[in-house]
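Below is one structure, written out as C-alpha cells; comments come after it.
There are 2 protein chains.
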Amino acid sequence: MTKAELAELGRRSVAASRTLADALSSTKDQALCFAASSLLERSEAILEANATDIDRARTAGASETIIDRLALSHTRIQQMAHGLRCVSELSDPIGEIVEGYVRPNGLAVRRVRVPLGVIGVVYENRPNVTSDAAGLCLKSANAVLLRGSASSLLSNIAIAESLRAGIEKAGLPPDAVLLVEDASHETVEEFIKMRDVIDLLVPRGGHELVSLVLDKATVPYVIDGDGNCHVYVDASADLEMAEKIVINAKMSRPSVCNAMETLLVHKDVAASFLARLEVSLRGVELVGDEQTCRYMSSATPASEEDFATEFLALKMSIAVVGDLDGALRHIARYSSGHSEAIITSDRDAAARFCREVDSAAVLVNASTRFVDGSELGLGAEIGISTQKLHARGPMGLRALTSVKYVIDGNGQVRT
Amino acid sequence: MTKAELAELGRRSVAASRTLADALSSTKDQALCFAASSLLERSEAILEANATDIDRARTAGASETIIDRLALSHTRIQQMAHGLRCVSELSDPIGEIVEGYVRPNGLAVRRVRVPLGVIGVVYENRPNVTSDAAGLCLKSANAVLLRGSASSLLSNIAIAESLRAGIEKAGLPPDAVLLVEDASHETVEEFIKMRDVIDLLVPRGGHELVSLVLDKATVPYVIDGDGNCHVYVDASADLEMAEKIVINAKMSRPSVCNAMETLLVHKDVAASFLARLEVSLRGVELVGDEQTCRYMSSATPASEEDFATEFLALKMSIAVVGDLDGALRHIARYSSGHSEAIITSDRDAAARFCREVDSAAVLVNASTRFVDGSELGLGAEIGISTQKLHARGPMGLRALTSVKYVIDGNGQVRT
Chain A
56 MTKAELAELG
66 RRSVAASRTL
76 ADALSSTKDQ
86 ALCFAASSLL
96 ERSEAILEAN
106 ATDIDRARTA
116 GASETIIDRL
126 ALSHTRIQQM
136 AHGLRCVSEL
146 SDPIGEIVEG
156 YVRPNGLAVR
166 RVRVPLGVIG
176 VVYENRPNVT
186 SDAAGLCLKS
196 ANAVLLRGSA
206 SSLLSNIAIA
216 ESLRAGIEKA
226 GLPPDAVLLV
236 EDASHETVEE
246 FIKMRDVIDL
256 LVPRGGHELV
266 SLVLDKATVP
276 YVIDGDGNCH
286 VYVDASADLE
296 MAEKIVINAK
306 MSRPSVCNAM
316 ETLLVHKDVA
326 ASFLARLEVS
336 LRGVELVGDE
346 QTCRYMSSAT
356 PASEEDFATE
366 FLALKMSIAV
376 VGDLDGALRH
386 IARYSSGHSE
396 AIITSDRDAA
406 ARFCREVDSA
416 AVLVNASTRF
426 VDGSELGLGA
436 EIGISTQKLH
446 ARGPMGLRAL
456 TSVKYVIDGN
466 GQVRT
Chain B
56 MTKAELAELG
66 RRSVAASRTL
76 ADALSSTKDQ
86 ALCFAASSLL
96 ERSEAILEAN
106 ATDIDRARTA
116 GASETIIDRL
126 ALSHTRIQQM
136 AHGLRCVSEL
146 SDPIGEIVEG
156 YVRPNGLAVR
166 RVRVPLGVIG
176 VVYENRPNVT
186 SDAAGLCLKS
196 ANAVLLRGSA
206 SSLLSNIAIA
216 ESLRAGIEKA
226 GLPPDAVLLV
236 EDASHETVEE
246 FIKMRDVIDL
256 LVPRGGHELV
266 SLVLDKATVP
276 YVIDGDGNCH
286 VYVDASADLE
296 MAEKIVINAK
306 MSRPSVCNAM
316 ETLLVHKDVA
326 ASFLARLEVS
336 LRGVELVGDE
346 QTCRYMSSAT
356 PASEEDFATE
366 FLALKMSIAV
376 VGDLDGALRH
386 IARYSSGHSE
396 AIITSDRDAA
406 ARFCREVDSA
416 AVLVNASTRF
426 VDGSELGLGA
436 EIGISTQKLH
446 ARGPMGLRAL
456 TSVKYVIDGN
466 GQVRT
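As you go down the protein sequences, you meet chains A and B in turn.
Mapped onto the working numbering, the consecutive letters of the first sequence carry residue numbers 56 to 470.
Mapped onto the working numbering, the consecutive letters of the second sequence carry residue numbers 56 to 470.
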C-alpha cells in the first residue's frame with residue numbers, strides 16, 4: 056500500500072467519523088445488531104478465509120499458540136456476534152453531561168461527552184479483535200481504522216466486510232469500519248504517525264508493538280501494558296481468605312494480565328501460610344527468595360529477573376517481607392502499575408497500601424482478577440490502561456470519548 | 056549537564072513526588088504561602104538576577120518583545136506571590152472520589168483522584184512560569200521538573216531557590232521544585248524522553264517547541280496549541296449583541312489564544328453588519344474574501360494562509376458564508392480546535408453548531424475570551440489543551456491528576 060493509498064483510507068475514516076458523531080443512539084444500536092447478524096450469516100465465508108490464513112501460518116511454521124489465537128470456529132463467531140449485541144445494550148456515553156454549572160455572569164457551562172473521531176487499532180493475530188474493537192468504537196460514535204497482522208489478513212477482511220454490510224444496512228457509513236489491507240512493517244510505522252487522522256491509537260499486542268508505539272508514534276495513544284500483579288499477605292490477614300484469593304488470583308486464568316505473578320508474605324505468617332499454600336498451589340512452578348525456599352520445599356531460588364516478569368503461566372514468584380514497608384518497596388520496584396492487592400484485617404495497613412501503591416487498581420481482600428471491564432461494571436473493555444493519562448485501568452466506552460465545553464450565554468463579553 | 060546528572064535530577068524529583076503524594080492539604084497550602092513570602096523576601100536578589108539576564112539578552116540582540124517577556128519588576132513578583140496564595144485557596148483535587156459504586160458481589164469500587172507524580176515543564180523566556188507552574192504542581196501533590204530557556208536562566212534559578220526555601224520551611228521536600236540548570240538543545244531532547252521520570256510533560260512555548268514535542272517526545276504530554284478562534288454571526292443574530300461580542304473577542308486582548316481571529320458572517324446580514332462593524336473595528340487590520348471587500352472599504356483580500364493564521368494581533372480575517380453549513384465547513388477546514396462561537400437567536404442553529412464544531416469549547420452568544428481557566432471557574436490554569444485526550448480546553452488542577460481504582464472486598468474471588 057502506498058502512502059497515498061493509506062492517506063486516502065484516512066480521509067474516508069475522518070469523513071465517516073463526522074457522520075457517526077451525529078448518529079442517534081438507536082441507529083448505532085441497530086447497526087451493531089445488523090453487524091452481529093451479518094457475521095452469523097457470513098460465517099461460512101469467514102471460516103473459509105480463516106482456514107486459508109491458518110494453512111498459510113502453518114506453512115510458515117507458526118507455533119500452536121499463534122494458530123490457536125488465529126483460529127475461528129462457529130462458536131467464536133457466535134461470541135463475536137454476541138459481543139456486538141451486548142455492546143448495543145450498554146448506555147450511550149455520547150451526550151452525557153459530565154459537569155454543568157452557571158458562572159456569576161450568567162454563562163451556563165456544560166462539559167459534554169463527545170466522540171474522539173477516529174480510533175486506530177493495531178493488533179496481532181486474533182481476528183476477533185476486528186469485531187470487538189469495531190463494536191466499541193461504533194457505540195461511542197467513533198470511526199475505527201484497523202490494522203491487523205499479516206497472519207490474519209483474510210479473516211480480518213471477511214469480518215470487516217460483514218460488519219460494514221450491517222452498518223450500511225442501518226443507514227450509517229460503512230467506512231465507520233475500515234481495514235488497512237496491508238500488514239507490512241512500513242505501513243504500521245506510517246500508520247502510527249497519521250496525526251491528521253487518528254485521534255487515539257490503541258495498540259493490542261506484545262512488547263515489540265508497544266515499544267514501537269512508545270518510540271515512534273506521533274498520534275495520541277493508550278498503552279495496555281504488562282500486568283506484573285502482586286498480592287501482599289499482611290501479618291493480620293485472615294489466612295483462609297488469603298489462601299482462597301491467592302489461588303484464585305494465580306490459578307483461575309494464568310494467561311491474563313490481571314493474574315497474580317508475585318506473592319509477598321509478611322514474615323510473621325510466612326512459615327505457616329507458605330506451608331499450607333504449597334499444597335493448594337500444586338501444579339504451579341514456584342520461585343522464591345531465600346526464606347520462601349526454606350518454607351516451601353518445591354520452590355527454587357528466584358532471580359531478580361523473575362520478580363520483574365509477567366509469567367502469564369502457572370508460575371509465580373514469592374518473597375517474604377519484613378513488614379508493610381518492605382511490601383511497598385518491593386511493589387514500587389517491580390510492579391508494572393496494573394493491579395496489586397493486600398490481604399489484611401488491619402485498617403491502617405489497608406489505607407496505607409491503597410494510598411501508596413501507585414497502580415491503576417489497588418484491592419483490599421479481593422482477587423486481582425476483578426480488575427477487568429465487565430467485572431467492574433464497565434460492560435466491555437477495549438483494554439486495560441497501565442498509563443496514568445486519559446484512562447487508567449479497564450477502558451470502557453468512556454475511554455473512547457473526549458469532553459467538550461459548551462458555553463451558553465446571552466451576550467456576555469469579558470471585561 | 057551530562058545525561059547522568061539529568062537522570063540524577065529525575066531521581067530526586069521522583070523521590071520528592073512520593074513524599075508529596077502523601078502530604079496533607081494544609082501542609083501543601085502552608086508551603087504555597089511560605090513560598091509566596093519567600094519570593095517577596097528575596098525580591099532584590101531575583102531582580103538582580105533578572106537584570107543580568109536582560110543585559111545578556113540585549114547584548115545577544117534579543118527583540119523588545121522577548122525583553123518584555125523576560126523582564127521582572129516588583130509588581131510582577133508580587134503577582135507571582137499572589138498567584139501562589141490564590142492557588143493555596145483552591146480546593147485540593149487529591150483524594151476526590153470521582154465515582155463510587157458497589158458491585159453485585161459486594162465489592163465496593165471507588166475511583167479516587169491521585170497525583171500524576173512528576174510534571175515536566177519546558178518553557179521559554181517568561182520567568183514567572185517557574186512560580187506559576189510550581190504552584191499548581193505543588194497544590195496537586197506533584198513534583199515539578201522545570202526546564203526554562205537560556206535567556207531567563209539566572210532569574211529562574213533565583214525564583215526556584217526562593218520557592219524551595221518556602222517549601223522546605225513547611226516541612227516538605229524542596230526537591231518538589233527542581234530546575235534543570237542547563238538550557239542546551241541536547242538537554243531538552245533528553246528531557247522529553249525521560250520516560251521513567253516524567254508522568255506528564257507540559258510544553259509552554261512556540262511552534263518550534265510544540266513540533267519538537269510532537270515529533271520526539273516519548274513521555275506523555277498535553278499540547279497547549281494555537282487558538283485560531285472563529286465567531287460566526289448567523290442570519291438570526293441580534294446584530295447589536297454580535298457587534299459587542301466581535302469587538303470584545305478581537306480587541307480586548309488580541310495577543311492571547313482565546314482572541315477571535317476569523318469572523319464569519321451569514322450572507323443575509325453581511326452588508327449591514329460588516330458596514331457597521333467597519334466603524335467599530337477601527338485600528339484593526341481587516342483581510343477578507345471578495346464579498347467582505349465589497350462591504351468593507353478598508354478590507355484587503357485575504358489569502359488562504361490568512362484564514363489559517365493565528366494573528367495574535369490587531370488583525371483579523373473575515374468571510375461571508377451562504378449559511379450555517381458554510382460556516383461549519385469553514386471552521387472544520389481552518390480551526391485549530393480551540394474555541395468557536397455562534398451568535399444567533401435560532402435554537403436549531405445553536406444546537407447544530409454546538410454539536411458539529413469539533414473544538415475544545417463552543418460558545419453561543421458569548422465572547423471566545425471566556426475560554427480561560429479562571430473565567431470558567433477552574434481557579435488557575437496551566438494552559439489550554441487543544442488535544443482531545445486526558446484534558447481538553449482550560450487545564451486546571453484536575454488536569455494534573457490521575458484517577459486510581461480502589462476496590463474494597465471481604466474475600467471475594469472470581470468464579
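Beta carbons: idealized from backbone N, C-alpha and C, even for Gly.
Values in this document were obtained by computation on a predicted structure and should not be read as measured data.
{"Asked": "C-beta atoms of Asn105 of chain B and Ser210 of chain B nearer than 7 Å", "Found": "yes"}
{"Asked": "Proximity winner among B:Ile149, B:Val164 and B:Pro148, relative to Gly155 of chain B (alpha-carbon distances)", "Found": "B:Val164"}
{"Asked": "Residue environment, Gly150 of chain B, which counts as buried when at least 16 other CB atoms sit within 10 Å", "Found": "exposed"}
{"Asked": "Asp108 of chain A: first and last residue of the uninterrupted alpha helix (DSSP H) it sits in", "Found": "Ser98 to Thr114"}
{"Asked": "Beta-carbon neighbours of Ser307 of chain B, restricted to chain A and to distances below 9 Å", "Found": "Val468, Arg469 and Thr470"}
{"Asked": "Best match in A:Asp237, A:Glu360 and A:Asn303 for proximity to Val339 of chain A [C-alpha to C-alpha]", "Found": "A:Asn303"}
{"Asked": "Under 7 Å (Cβ pairs) to chain A, residues found in the region 275-300 of chain B", "Found": "Pro275, Met296, Lys299 and Ile300"}
{"Asked": "Under 8 Å by beta carbon: chain B residues contacting Phe366 of chain A", "Found": "Chain B residues near Phe366 of chain A: none, gap ~19 Å exceeds 8 Å."}
{"Asked": "Chain-ordered residues of the region 262-273 of chain B with a beta carbon less than 7 Å from chain A", "Found": "Leu269, Asp270 and Thr273"}
{"Asked": "Lys370 of chain A at chain B interface by Cβ criterion, 7 Å", "Found": "no"}
{"Asked": "Phe425 of chain A at chain B interface by Cβ criterion, 7 Å", "Found": "yes"}
{"Asked": "Test: Asp230 of chain A CB closer than 7 Å to a CB of chain D", "Found": "No chain D is present in this structure, whose protein chains are A and B."}
{"Asked": "Collapsed DSSP secondary structure at Glu430 of chain B in the structure displayed", "Found": "coil"}
{"Asked": "Beta-carbon separation (whole angstroms), Asp108 of chain A vs Ser217 of chain A, contact threshold 8 Å", "Found": "Going by Cβ atoms, the distance from Asp108 of chain A to Ser217 of chain A rounds to 16 Å, so no, they are not a contact pair."}
{"Asked": "Any C-beta of chain B under 7 Å from that of Leu200 of chain A", "Found": "no"}
{"Asked": "Cβ-based burial, Thr57 of chain B [other Cβ within 10 Å; buried from 16]", "Found": "exposed"}
{"Asked": "Whole alpha helix (DSSP H) elements within the region 299-375 of chain B, 4-residue minimum", "Found": "322-335, 345-350 and 359-362"}
{"Asked": "Through-space distance from His262 of chain A to Ile122 of chain A, alpha-carbon basis", "Found": "19 Å"}
{"Asked": "Chain-ordered chain B contacts of Ala421 of chain A [CB-CB under 7 Å]", "Found": "Leu162, Ile462, Gly464 and Gln467"}
{"Asked": "Cα-Cα separation, Phe328 of chain B to Ile398 of chain B", "Found": "12 Å"}
{"Asked": "Three-state secondary structure (DSSP) of Glu154 of chain A", "Found": "strand"}
{"Asked": "Euclidean distance between Cα positions of Leu336 of chain A and Ala115 of chain A", "Found": "38 Å"}
{"Asked": "Of the residues A:Leu455, A:Ile214 and A:Gly226, the one placed nearest Val169 of chain A, counting alpha carbons only", "Found": "A:Leu455"}
{"Asked": "Beta carbon proximity, His321 of chain B to chain A, threshold 7 Å", "Found": "no"}
{"Asked": "Per-residue burial, Asn160 of chain A [other beta carbons within 10 Å of its own, 16 or more giving buried]", "Found": "exposed"}
{"Asked": "Straight-line Cα distance separating Val376 of chain A from Tyr178 of chain B", "Found": "44 Å"}
{"Asked": "Near-chain B residues of the region 169-187 of chain A - C-beta to any C-beta below 8 Å", "Found": "Val169, Leu171 and Gly172"}
{"Asked": "Leu201 of chain A beta carbon less than 7 Å from that of Ala238 of chain A", "Found": "no"}
{"Asked": "Interface residues of the region 432-457 of chain B facing chain A [CB-CB below 7 Å]", "Found": "Gly432, Gln442, Lys443, Leu444, His445, Arg447, Gly448 and Ser457"}
{"Asked": "Residues that Leu102 of chain A contacts on chain B, provided the C-beta gap is smaller than 7 Å", "Found": "The premise fails here: Leu102 of chain A is roughly 31 Å from chain B at the closest Cβ pair, so nothing lies under 7 Å."}
{"Asked": "Cross-chain neighbours of Asp254 of chain B in chain A, by beta carbon under 7 Å", "Found": "Lys443"}
{"Asked": "Chain-ordered neighbours of Tyr389 of chain B on chain A, where CB pairs are closer than 8 Å", "Found": "Within chain A, no residue comes near Tyr389 of chain B; the closest Cβ sits about 14 Å away, beyond 8 Å."}
{"Asked": "Per DSSP, cross-strand counterpart(s) of Cys284 of chain A", "Found": "A:Met315"}
{"Asked": "Supposed contact pair Arg410 of chain A and Asp254 of chain B - C-beta distance, whole angstroms, cut 8 Å", "Found": "Not confirmed; about 17 Å, so no contact."}
{"Asked": "The region 62-87 of chain B: positions lying closer than 9 Å to chain A by Cβ", "Found": "Arg73, Ala76 and Asp77"}
{"Asked": "The region 182-191 of chain B contacting the region 82-95 of chain B, beta-carbon criterion three pairs below 8 Å", "Found": "yes"}
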